[in-house]
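A.B. asks: Per our numbering, the very first residue in the sequence shown carries number 177; after that it's consecutive.
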Amino acid sequence: MITAILIDDESDALECLKWELENFKDKIRVIATFDAASDAILFLEKNEVDAVFLDVEMPEMSGFEFLENFMKRDFAVIITTAYQDYALPAIKKQCLDFLQKPTDSVAVRQCIEKIKNFKNEHLFINYFEEKLYRKAEKEGNKKIIINTDGKLMFLQPDDIIYCESDGNYSTIYLENGKKILISTPLKQLEEKLTDDFFRIHHSYIINMNKVLEYLKNDSHVILCNNIKIPVSRQKKTSFLDHF
């Protein structure tokens, strides 16, 4: 059974969508509705759901601003709006589907099927990733597992030069010149890395084995690919203690 919440500042729109979804009550259950995105945020801090049906234009907080509160989403997002112009921004925000008001049964049915597939895939990836982590720990394998673009990548720590924050995303820079963009904030990525890595700045984690120079005057490091990265004032002492 799929669980969902609805967020829309218009009560008529909420009731209409809830009625549409009740036609498929054997597949989906609406557990809460909200006319303010802030209330939905508080709810999601304590409760898990499979899907969030989200209006875009709301007075207190827009739908896209609401999504900024979730660095990593475990739920599918379905944008519900009367304006077709929001379709492209919805895709960029990695929303699963786009329902244009007024919704119809065919579109809702197709949307529920997408949520079902999303849920099954998400459960499988989580199970598979956890199994790999346990296997790696048992065998002493130091490979880093990265989930990106619907696939799992296995990276050797020594292949990584540094990682850079980009809001809710991170970019991993490899020694072969390639870079990998992942939808994981730097803080969560840091938890996966080995002791060879150090967060020298709010926006950067470096592989300490790749440091060529430390510039004392302006507190920067030069890495093996000749990239110059700042060392924050708060991290300077800890950084030097690593040598």
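By construction, the Cβ of each residue, glycine as well, lies at the ideal position given by its N, Cα and C atoms.
A quick note: this is a predicted structure, and the numbers were derived from the prediction, not measured.
What's the C-alpha gap between T257 and Q286?
C.D. replies: Near 17 Å, if we compare the C-alpha coordinates of Q286 and T257.
A.B. asks: Using the DSSP secondary-structure output, state which residues sit across from M329 in a beta bridge.
C.D. replies: Paired residues: I322.
A.B. asks: Within its chain, find whatever has a CB closer than 8 Å to the CB of S379; leave out the 5 residues flanking it on each side and keep chain order.
C.D. replies: Closer than 8 Å at the Cβ level, and outside the excluded window around S379, lie E340, S341 and L362.
A.B. asks: Identify which residue in I381, K269, I204 and F229 has its Cα closest to the Cα of L275.
C.D. replies: Checked all of I381, K269, I204 and F229; the closest Cα to L275 is F229.
A.B. asks: According to the neighbour-count rule (16 or more other Cβ atoms, all chains shown, within 10 Å of its Cβ), is T360 buried or exposed?
C.D. replies: Classification for T360: buried.
A.B. asks: Write down the C-beta distance between D261 and I183 rounded to the nearest angstrom, noting that I regard them as a contact closer than 8 Å.
C.D. replies: With 8 Å as the limit, D261 and I183 do not qualify as a contact, their Cβ atoms being about 19 Å apart.
A.B. asks: Grab the span of the alpha helix (DSSP H) containing C122 for me, first residue to last.
C.D. replies: Here the chain has residues from 177 to 419 only, and residue 122 is not among them.
A.B. asks: Between F415 and chain B, is there a C-beta pair that is closer than 9 Å?
C.D. replies: Among the protein chains of the structure shown there is no chain B, as only one such chain exists.
A.B. asks: Using the three-state DSSP reduction, which class does C271 fall into: helix, strand or coil?
C.D. replies: Note: C271 maps to coil in three-state DSSP.
A.B. asks: Starting from F242, trace the alpha helix (DSSP H) in both directions and tell me its first and last residue.
C.D. replies: First-last of the alpha helix (DSSP H) with F242: G239 to L243.
A.B. asks: Using three-state DSSP, classify F246 as helix, strand or coil.
C.D. replies: Three-state result, F246: coil.
A.B. asks: Can you tell me where the alpha helix (DSSP H) holding F415 begins and where it ends?
C.D. replies: Segment K412 to D417, the alpha helix (DSSP H) holding F415.
A.B. asks: Is the beta carbon of A216 less than 9 Å from the beta carbon of A227?
C.D. replies: The answer is no: Cβ separation not under 9 Å.
A.B. asks: Helix, strand or coil for F373, going by three-state DSSP, please let me know.
C.D. replies: Residue state, collapsed to three classes: strand.
A.B. asks: Leaving out five residues before and five after S395 in sequence, what residues of the same chain have Cβ atoms less than 7 Å from its Cβ?
C.D. replies: Closer than 7 Å at the Cβ level, and outside the excluded window around S395, lie P406, V407 and K412.
A.B. asks: Whose C-beta lies closer than 6 Å to the C-beta of F373 among residues of the same chain, with five residues either side of it excluded?
C.D. replies: Closer than 6 Å at the Cβ level, and outside the excluded window around F373, lie I381 and N383.
A.B. asks: Could you name the residues that DSSP lists as bridge partners for E340?
C.D. replies: For E340, which the question treats as bridged, DSSP gives the partners T347 and Y380.
A.B. asks: Can you tell me where the alpha helix (DSSP H) with F219 in it begins and where it stops?
C.D. replies: Residues A213 to L220.
A.B. asks: Return the chain-ordered list of same chain residues with a C-beta closer than 8 Å to the C-beta of F240, the five sequence neighbours on each side being excluded.
C.D. replies: The answer, listed in chain order, is V232, P265 and K269.
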